[in-house]
Every structure is written in C-alpha cells, then in structure tokens.
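Engineer:
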Amino acid sequence: MVCSYLPGCQAPPKQRAARYTGPTEPLRSVVEKVNANAEKVPTLRGAGSFEAWIAESADRKPRFINGEVTLLYSRPRSMRLIGKKDIAGQIFEIGSNDDRYWVIVRGETDTMWWGTYQNLDRADPRRIPIRPDLVLEVLGVQPINTNFLQPPVPVLRFNNDADAYMLLWNVPLHDRWVAQKEVWYDRATLLPRLVLLFDEHGRVVLRAYLSKHRPVEVQGAPRDDWPKVAARYELYFPDSGSRMTIELDDLALKRNNAPNQRSFTFPAGDRAGVSRIVAIDEQPPGQ
Numbered sequence: 115m116v117c118s119y120l121p122g123c124q125a126p127p128k129q130r131a132a133r134y135t136g137p138t139e140p141l142r143s144v145v146e147k148v149n150a151n152a153e154k155v156p157t158l159r160g161a162g163s164f165e166a167w168i169a170e171s172a173d174r175k176p177r178f179i180n181g182e183v184t185l186l187y188s189r190p191r192s193m194r195l196i197g198k199k200d201i202a203g204q205i206f207e208i209g210s211n212d213d214r215y216w217v218i219v220r221g222e223t224d225t226m227w228w229g230t231y232q233n234l235d236r237a238d239p240r241r242i243p244i245r246p247d248l249v250l251e252v253l254g255v256q257p258i259n260t261n262f263l264q265p266p267v268p269v270l271r272f273n274n275d276a277d278a279y280m281l282l283w284n285v286p287l288h289d290r291w292v293a294q295k296e297v298w299y300d301r302a303t304l305l306p307r308l309v310l311l312f313d314e315h316g317r318v319v320l321r322a323y324l325s326k327h328r329p330v331e332v333q334g335a336p337r338d339d340w341p342k343v344a345a346r347y348e349l350y351f352p353d354s355g356s357r358m359t360i361e362l363d364d365l366a367l368k369r370n371n372a373p374n375q376r377s378f379t380f381p382a383g384d385r386a387g388v389s390r391i392v393a394i395d396e397q398p399p400g401q
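Here the sequence shown stands for residues 115 to 401, numbered as in this note's numbering.
(1) Between the beta-carbon of leucine 324 and the beta-carbon of arginine 307, is there less than 8 Å?
(2) Given that a residue counts as buried once 16 or more other Cβ atoms are within 10 Å of its Cβ, and exposed if not, what is proline 295?
(3) Taking just the CA atoms, how far does glutamate 153 sit from glutamine 256?
(4) In the DSSP output, what is arginine 245 paired with across the bridge?
(5) Is it a yes or a no for the segment 364 to 384 touching the segment 207 to 226, going by three-plus beta-carbon pairs under 8 Å?
(6) Give me the Cα-Cα distance between leucine 141 and tyrosine 347, rounded to the nearest whole angstrom.
(7) Per DSSP, tyrosine 279 is paired with what?
(8) Check whether the segment 348 to 360 and the segment 326 to 338 are in contact - that is, three or more C-beta pairs closer than 8 Å.
(9) Tell me which same chain residues have a C-beta within less than 6 Å of the C-beta of leucine 248, skipping the five on either side of it?
(10) Does chain C have any CB closer than 8 Å to the CB of lysine 326?
(11) Could you give the residue range of the beta strand (DSSP E) that holds alanine 161?
(12) In three-state DSSP terms, what is serine 325?
(13) Hey, how far is the Cα of threonine 303 from the Cα of valine 388?
(14) What residues match up with glutamate 182 in a beta bridge as DSSP calls it?
(15) State yes or no: is the C-beta of tyrosine 134 within less than 8 Å of the C-beta of aspartate 277?
(16) Where does glycine 383 fall in DSSP's three states?
(17) Helix, strand or coil for serine 143 per DSSP?
(18) Please determine, among Thr260, Thr223, Ser192, Gln264, the residue with the shortest C-alpha to C-alpha distance to serine 171.
(19) Can you tell me the Cβ-Cβ gap for threonine 230 and leucine 367, rounded? I've got them flagged as a contact below 8 Å.
(20) Consult DSSP for proline 137 and reduce its assignment to one of helix, strand or coil.
(21) Keeping to the same chain, check which residues put their C-beta closer than 6 Å to that of arginine 241; ignore five residues upstream and five downstream.
(22) What residues are listed by DSSP as bridge partners for arginine 346?
(23) Measuring straight from C-alpha to C-alpha, what distance separates aspartate 384 and arginine 194?
(24) Excluding the five sequence neighbours on either side, which residues of its own chain have a C-beta within less than 7 Å of the C-beta of asparagine 284, listed in chain order?
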C-alpha cells in the first residue's frame, strides 16, 4: 500500500487478453455454422425481466420502466415483447407482424406509435422512441442468405483482439454502397456478441450486446444438437437516447402453444389501451 503514495512508484499495467492469431474459417464456413444454429429456431418464447429508459427524443428526459417480460417470435418478422408490472399489468409492448410494427407505453406516457412496413422508407425514425424493425434484427433468429452476391452483401473480417468474426452487410444506393448491419460472432462458438445497425450515412441507429447464450430444447433431439440463443440483450438507440436491457431465464421454441398466429395481432383501436396514437409514416398535423 505504501508504494501507491511514493513518486514514480506505479502499479503494473493491467494485462490485456492475448490476441488470437491462430487459424480462422472462410466466409462460407462461418455462415454455414451460424445457419445450422439459426435454422433450428423458427419460433421462440422467452420469459424474464427487463429495464427500459424510454425517451421520445434525444432532448427529452427518458422515462424508466421495469418489470417482467415475455418474448414471442416467429420467423420471418413476427415479434412481441410484452412488459408487465405486478399491480399495473401490461405497461409496455413492442410488436411486429408481416404488415405493421408498433410500440406501446402505458402509464403517464399513454402512447402507441405504429407504422407499416410498406411505408417504412418514408417513416420518420425521430417520431418513435424504439424502432421495432431494428429490435427484430437483434431478437429475431434469421439464417443468413448464402447468395453472397445478392444485396445485402456480406463481407467478412476477423478481429484478432476481440477474437471474433465481423460480418458487415452492404447495400447499394443510387450513387454508392453503404453499410447496413455489422454482427460480431465469437470465434469459438459462432454465437453473436454484438449487433450494430447503421443508417445510410454510417451512423449507428442501434447497438446491441448479446450474452449469456443458453440452449433451447428441441423435443426428440439430443441435447448437443439443441440450438443456442442469447439470454441477455443490452440495446441502445442513439437517435432517441432510449435503451433497454432484457434478461430471459425461461426459453423454449413454444410454450402452451405460443407463439401462434394470434400472438401477433395488431392492437387496433381500443385494444391499444392508450389515449394517444402516433402513425409515424403519416405526415404530422400542420406540416
């Protein structure tokens, strides 16, 4: 302890994790192994807890909510993330189906934001605190397209310091190519650890850390063949300042026949249970 108070006496620097410099796999092999896991998860039902800081815009103070959470997912883009509190009941929901997406925050916020996938390109992302289409890119377990020349086109890099494969998907615009999504896969397990989604200017619109991967039981299959999915998600939306942490401790492909087709019905009209409804792909009043 005396040493820390003497001039010129410094603690030894922290040891950095050793860089991995061993053999790596080519793009097609990485994708085949990632897909072998993803293809076993056409549906998913999870339960656990969540914390969320919901900000309607970056210049407004976020509202903190937490409670129990249920995740329902069915490929390709059906999803519901339902947050409940003991006394208040359902306080929060993120949803998506083949046609629409929505976010509901009850209580003092008392608002539903929604839009259609048909008009996604004209929706103003600044008018919704959390974008369900982006959340779906993280929580959804989608196989990777194996036609590597069809946009979005994947490019593989290897990060020696992080010991991770980095897949970057690119799409063409009328005058250039832009990065759309980057996913870091652990070299040893080929499970995703980080997801970055970008706008057309290369700005991050969602950053998500994935961890605590757990097996999901497949009836009739040996345990070694069960797929694995992340049980912890840490999501951050820089445009609004919203962030959310989800921890799932109960994972199954289905539970009590859920998810099913009725699980992803759009909450139209009074079913939303809020007084304010914002259609983000429609022109705001007065504009």
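Glycine residues also receive a C-beta, built at the ideal position from the N, C-alpha and C atoms.
Structural biologist: Considering the structure as presented:
(1) For the purposes of this step, residue 324 is taken as the residue at position 210 of the sequence shown. For the purposes of this step, residue 307 is taken as the residue at position 193 of the sequence shown. Yes, Cβ-Cβ distance for leucine 324 and arginine 307 is below 8 Å.
(2) Looking up residue 295 in the sequence shown gives position 181. The sequence given here has lysine at residue 295, not proline. So lysine 295 counts as buried.
(3) What you label residue 256 is simply residue 142 of the sequence shown in a count that begins at 1. What you label residue 153 is simply residue 39 of the sequence shown in a count that begins at 1. Distance between the alpha carbons of glutamine 256 and glutamate 153 is about 7 Å.
(4) As a first step, residue 245 must be located in the sequence shown, where it is residue number 131. Partner(s): none; arginine 245 has no beta bridge.
(5) yes
(6) Your numbering for residue 141 matches position 27 in the sequence shown. Your numbering for residue 347 matches position 233 in the sequence shown. Cα to Cα, leucine 141 sits roughly 26 Å from tyrosine 347.
(7) Here the question's residue 279 lines up with position 165 in the sequence shown. According to DSSP, which records beta bridges pairwise, tyrosine 279 is partnered with Phe272, Tyr299.
(8) no
(9) Within the sequence shown, residue 248 is the residue found at index 134, counting from 1. Once the five neighbours on either side are set aside, the close Cβ partners of leucine 248 are Leu311, Leu320.
(10) The structure shown contains no chain C; it is built from a single protein chain.
(11) Residue 161 sits at position 47 when you count from the first residue of the sequence shown. From DSSP, the beta strand (DSSP E) with alanine 161 extends over 157 to 168.
(12) Taking the sequence shown and counting its residues from 1, the one referred to as residue 325 is at position 211. Of the three classes helix, strand and coil, the one that applies to serine 325 here is strand, per DSSP.
(13) Translated into the one-based positions of the sequence shown, residue 303 becomes position 189. Translated into the one-based positions of the sequence shown, residue 388 becomes position 274. Whole-angstrom Cα-Cα distance: 43 Å.
(14) To locate residue 182, count along the sequence shown from 1; it is residue 68. Answer by DSSP bridge pairing, in chain order: Ser163, Lys198.
(15) Working through the sequence shown from its first residue, we reach residue 134 at position 20. Working through the sequence shown from its first residue, we reach residue 277 at position 163. The answer is yes: Cβ separation under 8 Å.
(16) Within the sequence shown, numbered from 1, the residue matching residue 383 stands at position 269. Helix at glycine 383.
(17) Along the sequence shown, one-based indexing puts residue 143 at 29. If DSSP states are grouped into helix, strand and coil, serine 143 belongs with the helices.
(18) If you number the sequence shown from 1, residue 171 lands on position 57. Checked all of Thr260, Thr223, Ser192, Gln264; the closest Cα to serine 171 is Thr223.
(19) Locating residue 230 in the sequence shown gives position 116, where the first residue counts as 1. Locating residue 367 in the sequence shown gives position 253, where the first residue counts as 1. About 29 Å separates the two Cβ atoms, so there is no contact after all.
(20) As a working note, residue 137 is residue 23 in the sequence shown. Coil.
(21) For this step, residue 241 is matched to residue 127 along the sequence shown. Ile394.
(22) Counting from 1 along the sequence shown, the entry for residue 346 is found at position 232. The partner list for arginine 346 (beta bridge, DSSP) reads Ser325, Glu361.
(23) What you label residue 384 is simply residue 270 of the sequence shown in a count that begins at 1. What you label residue 194 is simply residue 80 of the sequence shown in a count that begins at 1. Rounded to whole angstroms, aspartate 384 to arginine 194 spans 18 Å at the Cα level.
(24) Here residue 284 is taken as the residue at index 170 of the sequence shown, counted from 1. Cβ within range, chain order: Pro266, Val267, Val269, Trp291, Val292, Ala293, Gln294.
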